[in-house]
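Quick note, the numbering used here runs 2 ahead of the 1-based positions in the sequence shown. Glycine is no exception: its CB is placed at the ideal position from the N, C-alpha and C atoms. Nothing here was measured: the structure is a model prediction, and the numbers come from that model.
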Amino acid sequence: MLKRLFKRKSDDEAKQPSREELQENVDISVKSNIEQVIGYSDDTAPPEPNDGPSENTDWLSRLKAGLSKTRNNLMGQIENLLRVGRKIDEELLDEIEEVLIQADVGIDTTLSLMDNVRERVKSRGLSDSTGLGDIIKQEILNILGDDKPLDIKGASPYTILVLGVNGAGKTTTIGKLAHRFKSEGNRVLIAAGDTFRAAATDQLSIWSDRAGVDLIRGSEGSDPASVVFDAVQAAKSRNADVLIADTAGRLHTKRPLMDELSKIGRVMSRDLPGAPHEVLLVIDGTAGQNAIMQAKVFNEAVPVTGVAVTKLDGTAKGGIVIAVKGEIGAPVKLIGIGEKLDDLQDFSATEFVDALFAHDETSHED
Ligand SMILES: Nc1nc2c(ncn2[C@@H]2O[C@H](COP(=O)(O)OP(=O)(O)OP(=O)(O)O)[C@@H](O)[C@H]2O)c(=O)[nH]1
Ligand SMILES: [Mg+2]
Numbered sequence: 003m004l005k006r007l008f009k010r011k012s013d014d015e016a017k018q019p020s021r022e023e024l025q026e027n028v029d030i031s032v033k034s035n036i037e038q039v040i041g042y043s044d045d046t047a048p049p050e051p052n053d054g055p056s057e058n059t060d061w062l063s064r065l066k067a068g069l070s071k072t073r074n075n076l077m078g079q080i081e082n083l084l085r086v087g088r089k090i091d092e093e094l095l096d097e098i099e100e101v102l103i104q105a106d107v108g109i110d111t112t113l114s115l116m117d118n119v120r121e122r123v124k125s126r127g128l129s130d131s132t133g134l135g136d137i138i139k140q141e142i143l144n145i146l147g148d149d150k151p152l153d154i155k156g157a158s159p160y161t162i163l164v165l166g167v168n169g170a171g172k173t174t175t176i177g178k179l180a181h182r183f184k185s186e187g188n189r190v191l192i193a194a195g196d197t198f199r200a201a202a203t204d205q206l207s208i209w210s211d212r213a214g215v216d217l218i219r220g221s222e223g224s225d226p227a228s229v230v231f232d233a234v235q236a237a238k239s240r241n242a243d244v245l246i247a248d249t250a251g252r253l254h255t256k257r258p259l260m261d262e263l264s265k266i267g268r269v270m271s272r273d274l275p276g277a278p279h280e281v282l283l284v285i286d287g288t289a290g291q292n293a294i295m296q297a298k299v300f301n302e303a304v305p306v307t308g309v310a311v312t313k314l315d316g317t318a319k320g321g322i323v324i325a326v327k328g329e330i331g332a333p334v335k336l337i338g339i340g341e342k343l344d345d346l347q348d349f350s351a352t353e354f355v356d357a358l359f360a361h362d363e364t365s366h367e368d
């Protein structure tokens with residue numbers, strides 16, 4: 003029987019979409035999303051930062067609440083598949099695979115995750131679906147790997163270059179980080195490297211005022227690399243502990259922005275060896291597979307050392323967090339689940355997976 007179960011899709015292969023077909027579907031949606039990104043209007047007003055305290059101050063509860071749409075979508079469907087006490091067969095495993103892909107775990111990541119699940123099921127001789135949920139959970143943890151929190155102790159000033167497409171949440175993330183580092187007793191400086199529009203610097207200026215940190219800014223349209231260069235000099239002369247540089251996110255598919263980001267990276271290291279110490283890519287958690295493609299483009303311009311995934315509160319496709327690690331290789335270091343100051347936290351794989359698999363208080367069906 004096992005032989006038939008693990009014959010690897012032979013009979014079903016014809017019915018199932020191939021990896022190429024799945025990729026083609028994703029490419030189509032990526033293309034249309036990119037068009038939307040490029041269509042982002044320059045007149046868009048900067049969002050108002052929101053620094054009020056969250057109603058519920060317990061991070062784990064808020065994380066669970068923030069991930070509830072993803073949990074209902076991803077784990078809800080998987081649990082429904084397992085709950086009927088089904089036998090483990092290719093059909094069940096393929097259905098789980100589809101749920102993961104549809105929740106944006108990414109095709110390659112899903113296929114390798116499910117390969118590992120199949121191996122484990124085989125080696126344990128599991129035939130009914132009891133225990134399959136735990137195996138999936140463990141394999142997700144395996145992909146996420148060890149936590150690598152953002153640690154600014156390695157250098158002084160510790161420099162963080164923040165990248166990402168427009169609207170991803172860069173400026174908001176910088177505001178939240180500045181507030182956090184400052185309240186931990188660090189001397190913090192922000193560089194307004196997004197000089198494309200005055201509103202970008204104004205928005206950053208509101209955040210820096212609220213966090214009580216200094217901002218190094220240039221005039222509108224000035225060379226972002228020179229603003230960042232000045233900020234590095236200021237960080238050195240003022241003995242700052244940490245410098246966070248904002249950048250523009252426009253037209254990421256056009257070569258000049260990527261060239262400019264590489265230049266900013268080079269300029270940072272000119273007088274400060276090792277800088278930028280952290281290249282933090284901010285990804286909009288609601289952007290789907292498009293975000294993965296963007297990440298690859300940015301990663302080519304300046305090798306990304308960490309990822310912040312924002313807006314996980316607004317998506318049923320939080321599986322993107324798993325895809326980031328699986329498909330880009332850079333660790334997720336921060337996650338954002340809202341617009342408030344404390345809605346950005348260090349990423350913990352176990353917390354994330356526990357929140358994904360958590361049962362709602364109202365559900366007692368164990
Ligand atoms: N719900 C939610 N909204 C967020 C989160 N992070 C950021 N936002 C919102 O996303 C919007 C865009 O954020 P910004 O920080 O301006 O994005 P940006 O990357 O700096 O954008 P550009 O400056 O245009 O390149 C704002 O309305 C933020 O309040 C989050 O974790 N959850
Ligand atoms: Mg911005």
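I'd like the span of the alpha helix (DSSP H) that includes I324, first residue to last. I322 to I330
Tell me the residue span of the beta strand (DSSP E) that contains G308. G308 to T312
Secondary structure of K335, DSSP reduced to three states: strand
By Cβ distance below 7 Å, which residues in the same chain neighbour G320 in space, the five residues on each side in sequence not counted? L69, T72, G287 and L314
Can you tell me the Cα-Cα spacing of V299 and G87, whole angstroms? A straight-line Cα-Cα distance of about 44 Å links V299 and G87.
How many Å lie between V119 and I138 at the Cα? Near 6 Å, if we compare the C-alpha coordinates of I138 and V119.
For Y160, which residues of its own chain have a beta-carbon under 6 Å away from its beta-carbon, when the five flanking residues on both sides are left out? Once the five neighbours on either side are set aside, the close Cβ partners of Y160 are I154, V244 and H279.
Expressed to the nearest angstrom, what Euclidean distance is found between the alpha-carbon atoms of T173 and K124? 47 Å
Please give the ranges of any alpha helix (DSSP H) in the region 168 to 209, keeping only runs that are unbroken, at least 4 residues long and fully inside the region. Runs found: 172 to 185.
Do V304 and D273 have their C-beta atoms within less than 8 Å of each other? no
Would you say T197 touches ligand 1, meaning its beta carbon is less than 7 Å from a heavy atom? no
Assign E222 to one of two classes, buried (16 or more other C-beta atoms within 10 Å of its C-beta) or exposed (fewer than that). By the neighbour-count rule (16 or more Cβ atoms within 10 Å), E222 is not buried but exposed.
First through last residue of the beta strand (DSSP E) which encompasses E280: E280 to D286
Residues near V355 in its chain [Cβ-Cβ closer than 7 Å; skip 5 each side]: K139, I142 and L143
How close, in whole Å, do the beta carbons of A105 and N75 come, if the pair is a contact with beta carbons under 8 Å? 6 Å
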